[in-house]
Structure formats: structure tokens, C-alpha cells
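Written out below as C-alpha cells is the structure these notes cover.
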Amino acid sequence: MRVGLTVLTFCFSVICLAQELPPIHNYAPSDYNAENQNWSISQAENKHLYIANSKGLLEFNGASWDQYDLPNESIVRSVNALGDKVYTGGYMEFGYWERKEMGVLQYSSLSNSIKEDLLPDEEFWNIIKLDRFIAFHSLDRIYLYNQEDNSIKWIESDSSLPKVFKIGQTLYFQKLNEGIFKIENGKAVLVYDFDIFQDDEVVNIFERDEDVLILTHHNGFYTIRDGVLASWNASANSLISEMSVYSAEQLSNKNYALGTISNGLILLDEEGSLIFKVDQSGGLQNNTVLSVCEDMDGTLWLGLDNG
Numbered sequence: 220m221r222v223g224l225t226v227l228t229f230c231f232s233v234i235c236l237a238q239e240l241p242p243i244h245n246y247a248p249s250d251y252n253a254e255n256q257n258w259s260i261s262q263a264e265n266k267h268l269y270i271a272n273s274k275g276l277l278e279f280n281g282a283s284w285d286q287y288d289l290p291n292e293s294i295v296r297s298v299n300a301l302g303d304k305v306y307t308g309g310y311m312e313f314g315y316w317e318r319k320e321m322g323v324l325q326y327s328s329l330s331n332s333i334k335e336d337l338l339p340d341e342e343f344w345n346i347i348k349l350d351r352f353i354a355f356h357s358l359d360r361i362y363l364y365n366q367e368d369n370s371i372k373w374i375e376s377d378s379s380l381p382k383v384f385k386i387g388q389t390l391y392f393q394k395l396n397e398g399i400f401k402i403e404n405g406k407a408v409l410v411y412d413f414d415i416f417q418d419d420e421v422v423n424i425f426e427r428d429e430d431v432l433i434l435t436h437h438n439g440f441y442t443i444r445d446g447v448l449a450s451w452n453a454s455a456n457s458l459i460s461e462m463s464v465y466s467a468e469q470l471s472n473k474n475y476a477l478g479t480i481s482n483g484l485i486l487l488d489e490e491g492s493l494i495f496k497v498d499q500s501g502g503l504q505n506n507t508v509l510s511v512c513e514d515m516d517g518t519l520w521l522g523l524d525n526g
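This is the structure in C-alpha cells:
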């Protein structure tokens, strides 16, 4: 099995067999001339990588780094490269970047048109494409930007919205103290109200055969089949349940890459067995993994709390 790994403060370019750890290449903040924290990573069609950094938007072309500031010079929390645009979300701001003359990215704000409607100190943590809409997620609302008519509407919530997820062409999200919802005809519809999803934050949702596989922040994986909730019967689930998981993605080979708080990266196979765990003792510069992104070449990039 070949697994490519690269990290933002550490780039691992990997051939991984069994329990072997991948070789790791680290990019320190001094390499890309920005802040320590890298919140989100996305790759464009031209293979350039875009990173939401606490200082601004970073661009890496494989050889050199560029950094772009938002108009309000705020932190960038989220990024999603879609077609010829790079969408970003930050503090009280969301919009997109396009490449102009001399290859420089130029920013267009979308949130300016509704600036008076934004909530105080609102930040945008996730960006998801749904048909003609681009969804910008804050902890209090989901804003839906219509690419056809440039209109923006939003879905309110009385409780916190920790994360949003895309399954097929449906947007799912969690309301703390309520459960997991989906957007249907522009409205929030409750899907699962099991106690665990009211109390513990959901990190990601995956489709697996006939099951829905849901990863939580503190209690590992759960499966739902025919409306029945169960802890995932996987060998590594007890290990995962002892950790705090912050980020997770399913890779192109069906493995699961889990970024944890203070425990590094966990790689599981499709059946939930541990392939390897890597942390500072194995070469990471920091044990907290804020973001995970597999690029087109099967290399895994990690955005760390320090690099």
C-alpha cells in the first residue's frame, strides 16, 4: 500500500507498509513566513495548495510560498478552491480570490453586501459547495451564496453549530443540545437526535456500505443503520474514544486520517483497524492536527497548531 503524506509544518511524502511510519518533511512558520496555526487546506485544479492561516491566505505552488491578507487583515479560518476561484472565510468576512494580471490573487468580498446583518465577532469555519450554492458556516449561522444571482440568505440557529458536512448533494450540520440536521428546501430538518449527538461535537460524517459512520470529538465512532445507533465495532475505536479528535477525512483509498488534539495523526484502514499513529516522537513538530487534506497525488497535508 502506498500512502502519501505531507504536512504543513511537516510534509510527509510517504510510502507506508503495514505499521511503518512515513518519512516526514516539515514546513516551519519561518518557511512560509506566516503564523503557526493552519486551520484549513484545499488544492486547486492547477495543483496549487491554499492554506487558511492565522495571518492570512497562503499559496504554495510546490516550490515557493505567497501570502495574501484579507481587507480587514484578519485571521483566515477556512478555504475551498473551486474552479478558478479560491473561497475563504475569516473574522467578520467571507468571499473569494481570483488570479489577475501578473498572476496575483485579487479578493472580492461577498459578505460586504450583508455586512450590517453579520453577527458580532462572527467567524466562518467551513466552506462547502452545493449545486449552485456556496455555504459559509459560522458557529451561529449557515450562509448560502447563490452563484447564479449573487444573492445571500442564511439559516439561523438558537444553539451553537460546531461543524457542517456534505453527503452527496445534501448539507448536514449539528446543533448542540439538539442533534444532527440537514437542509431540505432551504430549511433545517432534524435527522438524528440521539443523546450523544446533543452532548458531544461531531467531527465528520461518512457513508459506509449500508451504514452512516459518525465520528465524535470525545467518544469515537458510531454507526447508524436502519435508525439504530451503535458504537462502531472496530478494533481501534476504543483507542480513538480515549482521544480528542479535531479533524478527519476519508482518503481516496478508503482509509481514515484523524487529526487529534495532543495525540498527532491517526491512520485507520476502512475497517477501523490502526495502521499507524504519528506524533512528535515520530517527527511531527506539534501534536495537534487542525486540518487534513489529501492532494491529487495521494499526498496528505496536515495543518498543525504550530506549522
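Just so you know, we're using the numbering used here here: the sequence shown kicks off at 220 and counts up by one. From the three backbone atoms N, C-alpha and C, an ideal C-beta is built for every residue, glycine too.
Thinking S500 and A455 are a contact (beta carbons under 8 Å), I'd like their distance in whole angstroms, please.
-> At roughly 19 Å, the Cβ-Cβ gap does not stay under 8 Å, so S500 and A455 are not in contact.
If I'm right that N482 touches S460 with Cβ under 8 Å, what's the distance once you round it to whole angstroms?
-> Cβ atoms of N482 and S460 stay farther apart than 8 Å, at about 12 Å.
Determine which residues share a DSSP beta bridge with T389 and list them.
-> BP columns for T389 point to I386.
With a threshold of 16 other CB atoms inside 10 Å of the CB of L227, please say whether the residue is buried or exposed.
-> For L227, the predicted structure reports a pLDDT of 41, less than 50, and the residue's modelled location is therefore unreliable. A value from the coordinates is still provided. That one is buried.
Rounded to whole angstroms, how far is the Cβ of I371 from the Cβ of E426, which I believe are closer than 8 Å?
-> Rounded, the Cβ-Cβ distance is 29 Å, inconsistent with contact.
Between L523, F495, L395 and T507, which lies nearest to P194 when the distance is taken from Cα to Cα?
-> An answer regarding residue 194 cannot be provided, because it is not within the stretch 220 to 526 covered by the chain.
How long is the line joining the alpha carbons of N265 and I399, rounded to whole angstroms?
-> Distance between the alpha carbons of N265 and I399: 35 Å.
Spatial distance of R178 from D514 (CA atoms) = Nothing can be reported for residue 178: it is not among the residues displayed for the chain, which extend from 220 to 526.
Backbone secondary structure at N433 - three-state DSSP = It is Ile, not Asn, that sits at residue 433 in the sequence shown. I433: strand per DSSP, three-state reduction.
If we ignore side chains and look at the alpha-carbon of each, how far apart do Y411 and Q286 end up?
-> When rounded, the distance between both Cα atoms is 41 Å.
Identify, in the order they occur along the chain, each residue of the same chain with its Cβ nearer than 7 Å to the Cβ of N525, setting aside the five sequence neighbours on each side.
-> Result list for N525: T228, N255, Q504 and N505, in chain order.
Which term fits T518, buried or exposed, when burial requires 16 or more other beta carbons within 10 angstroms of its beta carbon?
-> Looking at its Cβ environment, which holds 16 or more other Cβ atoms inside 10 Å, T518 is buried.
K334, DSSP secondary structure in three states = Look at K334 here: in three-state DSSP terms it is helix.
Is there contact here, the segment 345 to 361 with the segment 293 to 304, by at least three beta-carbon pairs under 8 Å?
-> Touching, per the Cβ criterion.
From E317 to I270, what does the alpha carbon distance come to, in whole angstroms?
-> Between the alpha carbons of E317 and I270 lies a gap of roughly 15 Å.
Per DSSP, cross-strand counterpart(s) of K348 | Residue pairing of K348 in beta bridges, as defined by DSSP: I353.
Can you check whether the CB of V431 is closer than 7 Å to the CB of L240?
-> Contact check for L240 against V431 fails: the beta carbons are separated by 7 Å or more.
Cα-Cα, which of I260, V305 and I424 is closest to Y475?
-> Of the candidates I260, V305 and I424, the residue whose Cα lies closest to the Cα of Y475 is I424.
Does the distance from the CB of S328 to the CB of G314 come in under 7 Å?
-> Between S328 and G314, the gap from beta carbon to beta carbon is short of 7 Å.
When N245, L363, G446 and I346 are compared against F352, the one with the closest alpha-carbon = Restricting attention to N245, L363, G446 and I346, the CA atom closest to the CA of F352 is found in L363.
Return yes when the Cβ of N280 is within less than 7 Å of the Cβ of E312, no when it is not.
-> Going by C-beta atoms, E312 is not nearer than 7 Å to N280.
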